[in-house]
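These notes concern the structure reproduced below.
There are 2 protein chains.
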Amino acid sequence: MIDSIWTNAEKKIARRVFDAAAERELSLLISEFKSKAASATDTETLWNIRDWLNKRQSEIDSEFDYRYSRLIFVFANLIRARKININDLAGISEQKLAEILSLTEQ
Amino acid sequence: MIDSIWTNAEKKIARRVFDAAAERELSLLISEFKSKAASATDTETLWNIRDWLNKRQSEIDSEFDYRYSRLIFVFANLIRARKININDLAGISEQKLAEILSLTEQ
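Quick note, the sequences are listed as chains A and B, same order.
Residue 4 is where the first sequence starts when you use the working numbering, and the numbers rise one by one after that.
Residue 4 is where the second sequence starts when you use the working numbering, and the numbers rise one by one after that.
Printed below as a string of structure tokens:
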């Protein structure tokens, strides 16, 4: 059973790590978008960029889902995707860290 | 009753005028898109650009509808929007030109 009770201290750590990862992700999205847009020369490419934005928005919404009931999974996914490191989460309970690590190995 | 029978000679003129207007429109769309994209600095702007692309695509699809049954209306709208000139259509029947002009005045 996943531990979804987060203490205030843990929430602070979680929020910081989550926000920093989300910020990096969105920053990367903006640069990728600008680079795709700068090289567009036809409308086909415009519609492809629009479709790509839709896809990325839905991926990011699902990847960055800050609900305490989902956070263990969210952090495990972010670690698997090498977007955060388990050490970033130092300070949260050993049980949660173990759950997250165990999910990253699945 | 709108005349929607186009002779081959009229079709050639219509196609040329239509294609040239569509090309100008899409060219303008690409420049506007690139300029919006270049000045984007946050994701909110990205989603706004995506929504704007959706809107423009549907407007352009409706504005550039090359069906002979629609062409009189399409040319009237393009004239009203100052995207073509009635003189561009020289060579099509007097009846069609009169129908188009009459629609531009409504």
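Backbone N, C-alpha and C define an ideal beta-carbon position, used for all residues, glycine too.
Taking the alpha-carbon of residue i as reference, which of the options has the nearest alpha-carbon?
i	options	result
residue 63 (chain B)	B:28, B:84, B:18	B:28
residue 100 (chain A)	A:74, A:40, A:24	A:74
residue 108 (chain B)	B:93, B:78, B:12, B:49	B:78
residue 58 (chain A)	A:45, A:44, A:32, A:46	A:32
residue 82 (chain A)	A:53, A:20, A:16, A:15	A:20
residue 84 (chain B)	B:55, B:67, B:50	B:67
Starting from residue i, trace the alpha helix (DSSP H) in both directions and tell me its first and last residue.
i	result
residue 48 (chain A)	46-66
residue 98 (chain A)	97-107
residue 19 (chain B)	11-41
residue 80 (chain B)	74-83
Can you round the beta-carbon distance between residue i and residue j to whole angstroms, since I take them to be within the 8 Å contact cut?
i	j	result
residue 71 (chain B)	residue 30 (chain B)	Going by Cβ atoms, the distance from residue 71 (chain B) to residue 30 (chain B) rounds to 26 Å, so no, they are not a contact pair.
residue 95 (chain A)	residue 13 (chain A)	5 Å
residue 191 (chain A)	residue 23 (chain B)	For residue 191 (chain A) there is no data in the structure shown, the boundaries of chain A being 4 and 109.
residue 16 (chain B)	residue 106 (chain B)	Rounded, the Cβ-Cβ distance is 18 Å, inconsistent with contact.
Is residue i buried or exposed, if buried means 16 or more other CB atoms sit within 10 Å of its CB?
i	result
residue 46 (chain B)	buried
residue 102 (chain B)	buried
residue 80 (chain A)	buried
residue 41 (chain B)	exposed
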